[in-house]
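>
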Amino acid sequence: MPLLKLENIYKKYNQGELAVMALKDINLTIEEGEFVSIMGTSGSGKSTMMNILGCLDRPTEGEYYLDGEDVAKFRDSKLADIRNRKIGFVFQSFNLLPKLSALENVELPMIYAGAKRKKREKTAMEALAKVGLGERVRHKPNELSGGQRQRVAIARALVNNPSILMADEPTGNLDSRSTVEIMEIFQKLNDEGATVVMVTHEPDVAQFTKRIVVFKDGQITDDHPVVNRTLSGGAEI
Ligand SMILES: Nc1ncnc2c1ncn2[C@@H]1O[C@H](COP(=O)(O)OP(=O)(O)OP(=O)(O)O)[C@@H](O)[C@H]1O
Ligand SMILES: [Mg+2]
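FYI, in the numbering used here the residues of the sequence shown are 37 to 273.
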């Protein structure tokens, strides 16, 4: 059973008289353990696609099977529940709470999930160590570099053991060195079994992943494995 399966997905946005068909008849299957880039020009439907995959929004038509469940027609509260349990999000702008330390930011999803303090702290520390930030757990976001902030955000995305990590332009606000660091972390997590789907505009960034899916005008125009993949260690962008 594939982890994600989209069948004949359409997404229409209604803006008064102007309706935009942002996705048109999308069919896409992603297996557990894949590492996928979504590419395409501005307005091609990438974020719309990610919002549906991440259960932040529903398609207008079509079926979306996540772990075998047809989530496309779930009501809001059930969709939110699936989202909290199965999806870890990483955003371009990090979305950390500025008054909280790195550790507290990473603990947040577990607070919502009702975990006890000791367990939260232990799990958050482990997640921060995994992204190479074990030393800076008491720092606030403004005391960290962009790459370090994004690592905190990745740790936060990991703590509830999601089935899939989803990232919309996770390196969009980073310099080239931090971009390589972040992509190496995603590669490491993927090597350990995580399924990762990310949007990127940059071909060099996509080259770290294993598969590239290209969108154009709301449709998939290309879907191919990455050849000559950039591997961790000594990568330059
Ligand atoms: N909430 C919305 N309401 C109406 N139209 C929308 C909405 N969100 C997106 N659209 C439209 O849907 C189409 C796809 O937008 P989307 O944000 O998915 O593109 P994108 O590929 O992520 O672009 P970018 O690279 O600029 O982020 C565009 O024509 C956009 O204007
Ligand atoms: Mg977008």
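For glycine and all other residues, C-beta sits at the position ideal for the given N, C-alpha and C.
Quick test of the definition: if touching needs 3 or more C-beta pairs under 8 angstroms, does the stretch 179 to 189 touch the stretch 227 to 239?
Segments in contact, no.
> Can you determine whether any heavy atom of ligand 2 sits closer than 8 angstroms to the C-beta of residue 235, and answer yes or no?
For ligand 2, at least one heavy atom lies less than 8 angstroms from the Cβ of residue 235.
> Would a C-beta distance cut-off of 9 angstroms place residue 201 and residue 233 closer than the cut-off?
Against a cut-off of 9 angstroms, the Cβ pair of residue 233 and residue 201 comes out as a contact.
> Confirm the yes/no value for this check: CB of residue 49, any heavy atom of ligand 1, distance under 8 angstroms.
Checking the Cβ of residue 49 against ligand 1 gives yes.
> Under the three-state reduction of DSSP, which class applies to residue 47: helix, strand or coil?
Correct three-state label for residue 47: strand.
> Measure how close the beta-carbons of residue 102 and residue 67 come, nearest whole angstrom, since I'm counting them as under 8 angstroms.
About 13 angstroms separates the two Cβ atoms, so there is no contact after all.
> With a threshold of 6 angstroms on Cβ separation, who are the neighbours of residue 267 within its own chain once the five nearest residues in sequence on each side are excluded?
If we look at residue 267 and ignore the five residues flanking it on each side, it has no Cβ neighbours.
> So within the stretch 130 to 159, which uninterrupted alpha helix (DSSP H) runs reach at least 4 residues, ignoring any that extend past its ends?
If we require 4 residues or more, the alpha helix (DSSP H) runs fully inside the stretch 130 to 159 come out as 138 to 148.
> State the beta-bridge partners of residue 245 as determined by DSSP.
Answer by DSSP bridge pairing: none, since residue 245 is not bridged.
> Ordered along the chain, which non-local residues of its own chain (more than five positions away) have a Cβ less than 8 angstroms from that of residue 210?
Taken in chain order, the residues that qualify are 182, 183, 186 and 218.
> Is the distance from the Cβ of residue 224 to the Cβ of residue 77 below 9 angstroms?
Not in contact: residue 224 and residue 77 (Cβ atoms no closer than 9 angstroms).
> When you measure from the CB of residue 90 to every non-hydrogen atom of ligand 1, does any distance come out below 8 angstroms?
It does not: the Cβ of residue 90 is nowhere closer than 8 angstroms to a heavy atom of ligand 1.
> Any idea what DSSP makes of residue 186, helix, strand or coil?
DSSP places residue 186 in helix when its eight states are reduced to three.
> Chain D beta carbons: is any one of them nearer than 9 angstroms to that of residue 143?
Looking for chain D here will not work: only one protein chain is present.
> Rounded to the nearest angstrom, what separates residue 59 and residue 255 at their Cα positions?
Distance between the alpha carbons of residue 59 and residue 255: 6 angstroms.
> Could you tell me whether any non-hydrogen atom of ligand 1 is closer than 8 angstroms to the CB of residue 266?
No, the beta carbon of residue 266 sits no closer than 8 angstroms to any heavy atom of ligand 1.
> DSSP on residue 209, reduced to helix/strand/coil?
It is coil, neither helix nor strand.
> Check the C-beta distance from residue 145 over to residue 195 and give it rounded, since I have them as a contact under 8 angstroms.
With a Cβ gap of about 6 angstroms, residue 145 and residue 195 count as contacting.
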